[in-house]
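Trainee:
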Amino acid sequence: STIQLARPFLTKSQIKHAQERTIESSTVYEQRRNQIFNFLMKICVSLKFPTKTLETAMIYYQRYFLFNKFDIAIYYDIAITSIFIASKNEDTIKKLRDILLVSNQIRNTFLNQDQLELYRKKILSLEFKLLETISFDFRLFHVEDFLIKISKSLKIPKDIGYLAWLIAYDSYQTEIALKVPPQTIAIACISLATKLKDFETTIRSEFYYTSDNSVNEALLDLLGLYINSYNYTGLASIYPDFQNKFVEIRIPLSDAQGLKEQTADLIKEDDYFKDRDFSIGERRYML
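1 is the number of the first residue of the sequence shown in full-length UniProt numbering; add one for each residue after it.
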């Protein structure tokens, strides 16, 4: 038997180490990931899922491929499995059959009744594997919830709060949610929004049970997203004039310290990143 501990957050080096074992081409993976996130968004629109369900599905999808081989033959299947589990976790439950019908319509594929039933069984088998991958850890909290509370406590103007909310939505296009807790991401989003709007405020990270290094980690990831892929973000469609401001914000942060990284040797010795044998009959998962 084996015991698998849940670990909700990883460092950049740990994520890189895991992906080196499961992803052959990071470029292909990132292209497919963006494609999948667009696919998931269309499913959520069709089924009237809230943003939280979409965000949870994005996190599950990314976590799956930290410990399972990325294969273009099944990545759509993993996306569907992710949205199915996310709908349960966020209390927005839909029948798997309904999700499959919508996903097939979006992909312009047709399955007869027998094929649909076989596909449903395939997703159900993948559901258990994904649950094992996340160690049955359903403790997911959303950035928006903290964003509202922190903005109120800091007396952030509504227009800047709205800007921070847009940034928070874009943050799920990155791996930030795999690295730091939601209140940290919320602070980074507010910090970036205030810089874009030239609004002066002081945020004490420790007051919100996080650290400056964690906030820097999230902030630098956000800036990387906007500097390299601004035209593909939700923010660009509403604030197209912001594109040149991100480099200006990034330059003074050149010495900013993110999360403390482990050495490569320590990561290799970490049992959490050893190959997982899903054939073992008895496995226990602990939060």
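Just so you know, even glycine gets a beta-carbon here, dropped at the ideal spot from N, CA and C.
Between D221 and the rest of its own chain, which residues show a CB-CB distance below 6 Å, the 5 nearest in sequence each way excluded?
Mentor: Residue mapping note: residue 221 aligns to position 221 of the sequence shown, counting from 1. If we look at D221 and ignore the five residues flanking it on each side, its Cβ neighbours are T174, I176.
Trainee: Would you tell me roughly how many angstroms separate the C-alpha atoms of N34 and Q4, rounded to the nearest one?
Mentor: Within the sequence shown, residue 34 is the residue found at index 34, counting from 1. Within the sequence shown, residue 4 is the residue found at index 4, counting from 1. Approximately 30 Å, taken between the alpha carbons.
Trainee: Should Y60 and I85 be called a contact, given that it needs their Cβ atoms to be closer than 7 Å?
Mentor: In the sequence shown, the residue the question calls residue 60 occupies position 60. In the sequence shown, the residue the question calls residue 85 occupies position 85. Yes.
Trainee: Scan the UniProt domain "Cyclin-like" (145–224) and note each continuous alpha helix (DSSP H) run of 4 residues or more that stays entirely inside, going in chain order.
Mentor: 158–171, 182–196, all fully within the UniProt domain "Cyclin-like" (145–224).
Trainee: Is I78 helix, strand or coil when you go by DSSP?
Mentor: Residue numbering aside, residue 78 sits at position 78 when the sequence shown is read from its first letter. Three-state DSSP puts I78 in a helix.
Trainee: Locate the alpha helix (DSSP H) running through F37, then write down its first and last residues.
Mentor: As a first step, residue 37 must be located in the sequence shown, where it is residue number 37. Where F37 is concerned, the enclosing alpha helix (DSSP H) stretches over 26–47.
Trainee: CB E217 to CB V180, shorter than 7 Å?
Mentor: For the purposes of this step, residue 217 is identified with residue 217 of the sequence shown, where counting begins at 1. For the purposes of this step, residue 180 is identified with residue 180 of the sequence shown, where counting begins at 1. Taking 7 Å as the Cβ cut-off, E217 and V180 qualify as a contacting pair.
Trainee: Can you give the beta carbon distance from T210 to T184, rounded, assuming they're within the 8 Å contact cut?
Mentor: Sequence index remark: in the sequence shown, residue 210 carries index 210 (1-based). Sequence index remark: in the sequence shown, residue 184 carries index 184 (1-based). That pair is a contact at about 4 Å.
Trainee: By a C-beta neighbour count over all protein chains shown, 10 Å radius and 16 as the cutoff for buried, is D170 buried or exposed?
Mentor: Taking the first residue of the sequence shown as 1, we reach residue 170 at position 170. Buried, since its Cβ has 16 or more Cβ neighbours within 10 Å.
Trainee: Looking only at its own chain, which residues have a Cβ that is under 7 Å from the Cβ of I160, when we skip the five neighbours before and after it?
Mentor: As a first step, residue 160 is located in the sequence shown; it is residue number 160 there, counting from the start. Closer than 7 Å at Cβ, skipping near neighbours: A193, T194, K197, F199.
Trainee: Do you know offhand how far L130's Cα is from N244's?
Mentor: Here residue 130 is taken as the residue at index 130 of the sequence shown, counted from 1. Here residue 244 is taken as the residue at index 244 of the sequence shown, counted from 1. Cα to Cα, the separation comes out at about 40 Å.
Trainee: Rounding to the nearest angstrom, what Cα-Cα distance links R268 and P8 in this structure?
Mentor: Here residue 268 is taken as the residue at index 268 of the sequence shown, counted from 1. Here residue 8 is taken as the residue at index 8 of the sequence shown, counted from 1. According to the sequence displayed, residue 268 carries Lys and not Arg. Their backbone Cα atoms lie some 19 Å apart in a straight line.
Trainee: Could you tell me the alpha carbon to alpha carbon distance between D77 and I123, rounded to whole angstroms?
Mentor: To locate residue 77, count along the sequence shown from 1; it is residue 77. To locate residue 123, count along the sequence shown from 1; it is residue 123. Answer to the nearest angstrom: the Cα atoms are 7 Å apart.
Trainee: Between the Cα of V247 and those of S229, V215, Q31, spot the shortest distance and give me the residue it belongs to.
Mentor: Counting from 1 along the sequence shown, the entry for residue 247 is found at position 247. For the residues S229, V215, Q31, the minimum Cα distance to V247 belongs to S229.
Trainee: Which whole-angstrom value describes the C-beta separation of I23 and F67, a residue pair presumed to lie in contact below a C-beta threshold of 8 Å?
Mentor: As a position in the sequence shown, residue 23 is number 23, starting the count at 1. As a position in the sequence shown, residue 67 is number 67, starting the count at 1. That belief does not hold up - the Cβ atoms of I23 and F67 are roughly 11 Å apart, past 8 Å.
Trainee: Using the beta-carbon count (16 or more within 10 Å), is V215 buried or exposed?
Mentor: Against the sequence shown, residue 215 aligns to sequence position 215. Classification for V215: buried.
Trainee: Which residue marks the beginning of the alpha helix (DSSP H) containing Q105, and which one marks its end?
Mentor: By 1-based counting over the sequence shown, the position of residue 105 is 105. Segment 96–106, the alpha helix (DSSP H) holding Q105.
Trainee: If L178 sits next to Q62, beta carbons under 8 Å apart, how far is it from one beta carbon to the other, in whole angstroms?
Mentor: Your numbering for residue 178 matches position 178 in the sequence shown. Your numbering for residue 62 matches position 62 in the sequence shown. Yes, they are in contact, since the Cβ atoms of L178 and Q62 sit about 6 Å apart, within 8 Å.
Trainee: Cα-Cα, which of Q14, K121, D255, Y29 is closest to R97?
Mentor: On the sequence shown, residue 97 is found 97 positions in, with the first residue counted as 1. Of the candidates Q14, K121, D255, Y29, the one whose C-alpha sits nearest the C-alpha of R97 is K121.
Trainee: Going by other Cβ atoms of all chains shown within 10 Å of its Cβ, with 16 needed for buried, is L126 buried or exposed?
Mentor: Counting from one through the sequence shown, the residue named residue 126 turns up at place 126. The residue in question, L126, is buried, as its Cβ has 16 or more Cβ neighbours within 10 Å.
Trainee: When DSSP labels each residue in this structure, what does I23 get in the three-state scheme?
Mentor: Translated into the one-based positions of the sequence shown, residue 23 becomes position 23. It is coil, neither helix nor strand.
Trainee: Straight-line CA distance for I74 to Y64?
Mentor: As a working note, residue 74 is residue 74 in the sequence shown. As a working note, residue 64 is residue 64 in the sequence shown. I74 and Y64: Cα-Cα distance of roughly 12 Å.
Trainee: Thinking C-beta only, is V143 closer than 7 Å to A186?
Mentor: Indexing the sequence shown from 1 puts residue 186 at position 186. Indexing the sequence shown from 1 puts residue 143 at position 143. Result yes, Cβ atoms of A186 and V143 sit closer than 7 Å.
Trainee: Counting C-beta neighbours from all protein chains within 10 Å, is the total for E53 16 or more, i.e. buried, or is it exposed?
Mentor: Taking the sequence shown and counting its residues from 1, the one referred to as residue 53 is at position 53. Per the sequence presented here, residue 53 reads as Thr, with Glu not at that position. Flag for T53 reads buried.
Trainee: So what's K139 in DSSP terms, helix, strand or just coil?
Mentor: As a first step, residue 139 is located in the sequence shown; it is residue number 139 there, counting from the start. Note that residue 139 is Arg in the sequence shown here, rather than Lys. In this structure, R139 counts as coil in the three-state DSSP scheme.
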